[in-house]
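Novice: Have a look at this one before I ask anything.
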Amino acid sequence: MNPVHHETRRGWLLPAYVGAVLAFLVLPVCLVVPMSVSETSYLKFPPTGFTLKWFGSYFDSPAWIAATVRSVSIGFWSALLATVLGTMTALALRRSTRLDRLIAGAFLSPQVVPVIIVALGIMLIYNRFHLYGSMVGIVMAHAILALPFVVVNVASALRQRGETLALAARVMGANPLQAFWYVTLPSLRASITTSAIFAFFVSFDELVVALFIMGRNETLPMRIWANVRDDLTPVVAAVASLLIFATVLAVLLSEWVLHRSGRAARTS
């Protein structure tokens, strides 16, 4: 067999595999949008007819809107808390000593331990301190879940950039606070922004912990779960379509921030 021909055949295997994996991941998401405009009162594919009444049902429902507003509020404050604490943690652990690596591993534990175990532990603690069903409690819980992603992302950016610019600023007469505020923090702006976006969606999409500690104060994932369990209607598909659109916009925003940061770094 011709080696060139053999290599050409092998060269198709990886793209075909990647294409199959992408199709498997994206196809279920693509099916949701057509089902959200079906005229039937149940989920059906292919859809029958075309209507936007399920989107109207979502916007006209006080329960759906209240759950959405609650999830957006929780996601915002959780992302803010996780971003601040995660950035501070990454800065504190940038020396990469053995102790720093041990502490960093402890911060990653919420992603290693099954989330249902984390939810059970949080519920027991919250019952003791009267935080069950409170906004403060769910914000802190979701910030804990999002914290590892912020720490990893910001720490990676710190390792790539090093401390050369901050040291140069110190040599030029800046004090530690000035070097951090005018040199280190601007260089991490893109990573911090993308971390905040990711932390928001970690909180916004979280279901298990919310089920354990929110009680009757439904978040949007809790509302979706209740609808799927009790009365599966195309309203769920309409909500999912809106979430897909919002997620795509967030990903594009994150990519734009990273691209702009990279272009600025190349220019400087």
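Heads up: the sequence shown begins at 428 in the working numbering, then just goes up one per residue.
For glycine and all other residues, C-beta sits at the position ideal for the given N, C-alpha and C.
#1: Contact check, valine 666 vs isoleucine 651 under 8 Å by CB: the rounded distance?
#2: Do you know how far the Cα of proline 541 is from the Cα of alanine 584?
#3: Under a three-way DSSP split, which group does leucine 669 fall into?
#4: Decide if proline 474 is buried, meaning its Cβ has at least 16 other Cβ atoms within 10 Å, or exposed.
#5: In whole angstroms, what separates the C-alpha of isoleucine 543 from that of alanine 573?
#6: What span of residues does the alpha helix (DSSP H) with valine 459 cover, start to end?
#7: Please determine, among Ile640, Met649, Leu452 and Ser468, the residue with the shortest C-alpha to C-alpha distance to tyrosine 559.
#8: Phenylalanine 472 lies in the alpha helix (DSSP H); which residues open and close that run?
#9: When DSSP labels each residue in this structure, what does proline 541 get in the three-state scheme?
#10: Out of curiosity, what's the CA-to-CA distance linking histidine 569 and glutamate 633?
#11: Would you say valine 464 and leucine 479 are within 8 Å of each other, going by their C-beta atoms?
#12: Would leucine 520 be called buried (16 or more neighbouring beta carbons within 10 Å of its own) or exposed?
#13: Quick check on the DSSP output: the alpha helix (DSSP H) that includes tryptophan 608 runs from which residue to which?
#14: Between which residues of its own chain and alanine 517 is the CB-CB distance below 7 Å, once the five residues before and five after are set aside?
#15: Roughly how many whole angstroms lie between the Cα atoms of alanine 494 and leucine 612?
#16: If proline 575 sits next to phenylalanine 534, beta carbons under 8 Å apart, how far is it from one beta carbon to the other, in whole angstroms?
#17: Can you give me the C-alpha to C-alpha distance between serine 561 and glycine 446, rounded to a whole angstrom?
#18: Could you tell me whether the Cβ atoms of valine 655 and valine 662 are closer together than 8 Å?
#19: Can you give me the C-alpha to C-alpha distance between serine 681 and valine 448, rounded to a whole angstrom?
#20: Could you name the residues of the same chain whose beta carbon sits closer than 8 Å to that of valine 636, not counting the 5 residues immediately before and after it, in chain order?
#21: Hey, quick one: how far does the alpha helix (DSSP H) through serine 465 stretch, first residue to last?
#22: Give me the residue from Val453, Phe482, Gly502 and Tyr485 with the minimum Cα distance to phenylalanine 631.
#23: Within its chain, find whatever has a CB closer than 7 Å to the CB of valine 684; leave out the 5 residues flanking it on each side and keep chain order.
#24: Under a Cβ-count criterion, where at least 16 other Cβ atoms within 10 Å of its own Cβ denotes burial, should tyrosine 485 be classed as buried or exposed?
#25: Kindly indicate which three-state DSSP category methionine 567 falls into: helix, strand or coil?
#26: Under a three-way DSSP split, which group does aspartate 657 fall into?
#27: Verify whether the separation of the beta carbon atoms of tyrosine 444 and threonine 660 is less than 8 Å.
#28: Would you call the CB atoms of methionine 462 and phenylalanine 472 closer than 8 Å?
Specialist: This is what the structure gives:
#1: 6 Å
#2: 28 Å
#3: helix
#4: buried
#5: 15 Å
#6: 440-462
#7: Ile640
#8: Segment: none, phenylalanine 472 is in no alpha helix (DSSP H) and carries neither H nor E.
#9: coil
#10: 8 Å
#11: yes
#12: buried
#13: Premise fails: tryptophan 608 is in no alpha helix (DSSP H) and is neither H nor E.
#14: Val578, Val581, Ala582 and Leu585
#15: 35 Å
#16: 6 Å
#17: 44 Å
#18: no
#19: 23 Å
#20: Val542, Val545, Ala546, Ile549, Ile565, Ala568, His569 and Leu572
#21: Per DSSP, serine 465 belongs to no alpha helix (DSSP H) and is neither H nor E.
#22: Gly502
#23: Ala617, Thr620 and Thr621
#24: buried
#25: helix
#26: helix
#27: no
#28: yes
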